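Protein chains in written order, with UniProt numbering: chain P, 1 to 222; chain L, 1 to 222.
A virtual CB, placed ideally from N, CA and C, is assigned to each residue, including glycine.
A quick note: this is a predicted structure, and the numbers were derived from the prediction, not measured.
Number of protein chains: 2
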Amino acid sequence: MRYLLVEDNRELADAIVNRLALDGHAVDHAASLADAEDCLAAAQYDLILLDVMLPDGDGRDFLTRSRAHLETPVIVLTARSQVSDRVGALDQGADDYITKPFDFSELEARCRAVLRRRGGEARNEIALGNAIFDPLAGTLRHGEQTIDLRNREIRLLEVFARHRGQILSKSQLMDRLFSYDAEVTENAIEVYVGRLRRRIDGMDLRIETVRGLGYRMETGEA
Amino acid sequence: MRYLLVEDNRELADAIVNRLALDGHAVDHAASLADAEDCLAAAQYDLILLDVMLPDGDGRDFLTRSRAHLETPVIVLTARSQVSDRVGALDQGADDYITKPFDFSELEARCRAVLRRRGGEARNEIALGNAIFDPLAGTLRHGEQTIDLRNREIRLLEVFARHRGQILSKSQLMDRLFSYDAEVTENAIEVYVGRLRRRIDGMDLRIETVRGLGYRMETGEA
DNA sequence: ACAAAGCTGACACAAGCCTGACACGGCCGA
DNA sequence: TCGGCCGTGTCAGGCTTGTGTCAGCTTTGT
Numbered sequence: 001m002r003y004l005l006v007e008d009n010r011e012l013a014d015a016i017v018n019r020l021a022l023d024g025h026a027v028d029h030a031a032s033l034a035d036a037e038d039c040l041a042a043a044q045y046d047l048i049l050l051d052v053m054l055p056d057g058d059g060r061d062f063l064t065r066s067r068a069h070l071e072t073p074v075i076v077l078t079a080r081s082q083v084s085d086r087v088g089a090l091d092q093g094a095d096d097y098i099t100k101p102f103d104f105s106e107l108e109a110r111c112r113a114v115l116r117r118r119g120g121e122a123r124n125e126i127a128l129g130n131a132i133f134d135p136l137a138g139t140l141r142h143g144e145q146t147i148d149l150r151n152r153e154i155r156l157l158e159v160f161a162r163h164r165g166q167i168l169s170k171s172q173l174m175d176r177l178f179s180y181d182a183e184v185t186e187n188a189i190e191v192y193v194g195r196l197r198r199r200i201d202g203m204d205l206r207i208e209t210v211r212g213l214g215y216r217m218e219t220g221e222a
Numbered sequence: 001m002r003y004l005l006v007e008d009n010r011e012l013a014d015a016i017v018n019r020l021a022l023d024g025h026a027v028d029h030a031a032s033l034a035d036a037e038d039c040l041a042a043a044q045y046d047l048i049l050l051d052v053m054l055p056d057g058d059g060r061d062f063l064t065r066s067r068a069h070l071e072t073p074v075i076v077l078t079a080r081s082q083v084s085d086r087v088g089a090l091d092q093g094a095d096d097y098i099t100k101p102f103d104f105s106e107l108e109a110r111c112r113a114v115l116r117r118r119g120g121e122a123r124n125e126i127a128l129g130n131a132i133f134d135p136l137a138g139t140l141r142h143g144e145q146t147i148d149l150r151n152r153e154i155r156l157l158e159v160f161a162r163h164r165g166q167i168l169s170k171s172q173l174m175d176r177l178f179s180y181d182a183e184v185t186e187n188a189i190e191v192y193v194g195r196l197r198r199r200i201d202g203m204d205l206r207i208e209t210v211r212g213l214g215y216r217m218e219t220g221e222a
């Protein structure tokens with residue numbers, strides 16, 4: 001998927017770009033409305049993330065103007081204090097909004113939801129070997145039993161599930177699980193992988209250790 | 001089926017028209033109340049989708065005025081779940097309501113439900129474990145007893161009911177329960193979940209806490 | 001065989017959640 | 001108009017539990 005992020009706060013923008021890039025999305029960054037126009041003229045986007053406070057104007061005006069000839073779904077990023085910003089965002093054609101500060105995982109979830117809504121219905125369950133993982137429900141079904149996973153386990157499994165067979169380094173996984181300012185040891189990842197392994201024990205699904213590089217999830221028996 | 005959509009937001013209107021057209025329905029689009037009057041005078045509709053915020057007046061007033069000589073069922077589209085919007089809409093003769101942003105699949109489902117109801121069939125009740133929830137009446141029946149829920153409880157339970165088994169974050173729930181400009185703490189959600197839990201105690205229906213992520217409603221015993 | 005890397009049981013802690021009590025305001029009846 | 005009631009949202013304090021660290025052990029590669 002190709003995203004356009006319109007956001008003037010450099011730091012936040014970089015964080016979002018990096019984060020979404022981890023999901024395999026191409027994200028272009030525009031720091032102003034003028035930039036955004038250029039990008040829109042040059043490429044076709046699947047989703048636009050639009051800040052409302054921009055150096056050269058209000059994102060909402062932009063939204064109103066573009067809506068007529070723009071089909072791409074838009075998620076508006078607003079600051080919590082700016083109450084009036086949120087008011088009417090949807091009426092002006094936004095598909096959803098999210099208030100800063102937000103969790104990246106929530107942003108991702110909303111992106112997915114909006115894209116899903118646009119693209120018609122799509123169940124969001126992921127087959128993992130002989131088990132079924134439902135990231136929205138946070139559950140893992142295997143035969144009769146359904147296990148409820150916890151926050152970190154869900155997030156971790158989701159990353160693995162979306163990058164099956166791929167080696168993921170501990171630092172990559174940390175980026176997905178923890179916020180930027182969180183100071184966490186890599187050992188935490190080892191711990192969570194361990195916990196997750198115990199959860200998926202018995203399913204034909206395993207997380208292999210690639211010494212020195214990271215972990216890789218594989219489905220199917222050894 | 002022939003629908004009339006009264007909605008001034010161009011983008012949203014187009015999306016709805018397209019979507020319903022896929023189901024083989026004929027959908028006329030009116031961007032204002034005046035337009036709507038013209039359409040109603042000119043053709044016979046099976047269902048009306050009515051936005052409340054329109055350039056030339058309030059959809060609800062229109063509803064009140066037309067109800068006297070109009071038998072066609074109406075579904076009101078409200079921006080966010082202003083309680084008063086919902087209550088007012090139903091009192092003024094709406095058959096159902098849906099809050100933006102909504103899934104198209106949900107809109108379709110409600111259209112079907114309303115048409116079915118008009119056709120003399122069952123009410124729009126939702127089975128929840130061994131209880132029956134009527135979101136329009138705001139009641140929950142369980143065996144002999146029928147409990148009346150309060151506004152917030154109804155809305156909350158409705159969200160849960162329509163997303164059964166899915167984890168809903170507090171901010172998602174807030175979006176559903178409160179209007180844009182309401183400044184409400186997430187704690188309010190905790191409180192309402194607590195109150196709702198007490199209501200559904202004894203039915204095989206429970207709201208689980210997913211620490212750090214939100215809540216999830218499950219039916220069926222443990 | 002040695003060091004580096006990974007695993008894991010136990011633990012302490014704070015984030016997150018729950019809940020009783022309360023204050024506010026709208027609504028209705030008197 | 002007044003007063004009481006009911007629904008609502010906040011708050012503070014207590015409690016729960018997921019979480020990340022640590023220490024010591026095991027595994028792996030060279």
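Which of the three DSSP states is assigned to residue i in this structure?
i, result
"residue 308 of chain L", "Chain L is shown only over 1 to 222; residue 308 of chain L falls outside these bounds and no answer can be derived."
"L:L47", "strand"
"L:E37", "helix"
"L:M217", "strand"
"P:I147", "strand"
"L:D201", "coil"
"L:I98", "strand"
"P:R2", "strand"
"L:V17", "helix"
"L:V83", "Annotation note: pLDDT 48 at L:V83 (below 50); position unreliable, no value reported."
"L:I167", "coil"
"P:A188", "helix"
"L:A182", "coil"
"P:A137", "coil"
Leaving aside the five residues before and after residue i along the sequence, list all residues of the same chain whose C-beta is less than 8 Å from its C-beta, in chain order.
i, result
"P:A26", "M1, R2 and Y3"
"P:L213", "I167 and S169"
"P:D58", "V52"
"L:V114", "L47, P73, I75, D95, D96 and N124"
"L:R10", "A31"
Taking 9 Å as the CB-CB cut-off, is residue i touching chain P?
i, result
"L:R112", "no"
"L:L157", "no"
"L:E208", "yes"
"L:R198", "no"
"L:L213", "yes"
"L:R216", "yes"
"L:S32", "no"
"L:S66", "no"
By the DSSP assignment, the beta strand (DSSP E) with residue i in it spans what residues?
i, result
"P:F133", "A131 to D134"
"P:V27", "A26 to A30"
"L:E208", "L205 to V210"
"P:R176", "No beta strand (DSSP E) holds P:R176; the alpha helix (DSSP H) holding it covers K170 to L177."
"P:T72", "Element bounds for P:T72: n/a, residue is neither H nor E."
Establish whether the CB of residue i and some CB of chain L are separated by less than 9 Å.
i, result
"P:T139", "yes"
"P:I167", "no"
"P:D201", "no"
"P:R176", "no"
"P:R150", "yes"
"P:E106", "yes"
"P:I126", "no"
"P:T185", "no"
"P:I16", "no"
"P:L77", "no"
"P:L4", "no"
Between the options, which has its C-alpha nearest residue i's C-alpha?
i, options, result
"L:L50", "L:T209, L:G194 and L:I98", "L:I98"
"L:M53", "L:L47, L:L63 and L:G143", "L:L63"
"P:A109", "P:I154, P:T72 and P:A127", "P:I154"
"L:A15", "P:L20, P:L22, P:E71 and P:D181", "P:E71"
"L:V159", "L:E218, L:R176 and L:E11", "L:R176"
"L:R60", "L:H69, L:T78, L:Y45 and L:M174", "L:T78"
"P:L107", "P:R199, P:G165, P:M217 and P:D23", "P:D23"
"L:R216", "L:T146, L:R67, L:R164 and L:M174", "L:R164"
"L:C111", "L:I189, L:N187, L:Y45 and L:V193", "L:Y45"
Counting only the same chain and skipping the five closest in sequence on each side, list residues whose C-beta sits under 7 Å from that of residue i.
i, result
"P:G220", "G129 and D204"
"L:R141", "A131 and I132"
"L:D8", "A31, S32, D51, L54 and P55"
"L:L196", "E153, L156, L157 and I207"
"P:F104", "R19"
"P:E218", "G165, R206 and E208"
So, at 6 Å on beta carbons, what are the nonlocal neighbours of residue i in its own chain, with the 5 sequence-adjacent residues on each side left out?
i, result
"P:A30", "V6, A36 and C39"
"L:D134", "E125"
"P:D28", "L4 and C39"
Tell me which residue opens and which closes the alpha helix (DSSP H) that residue i is part of.
i, result
"L:T64", "G59 to R67"
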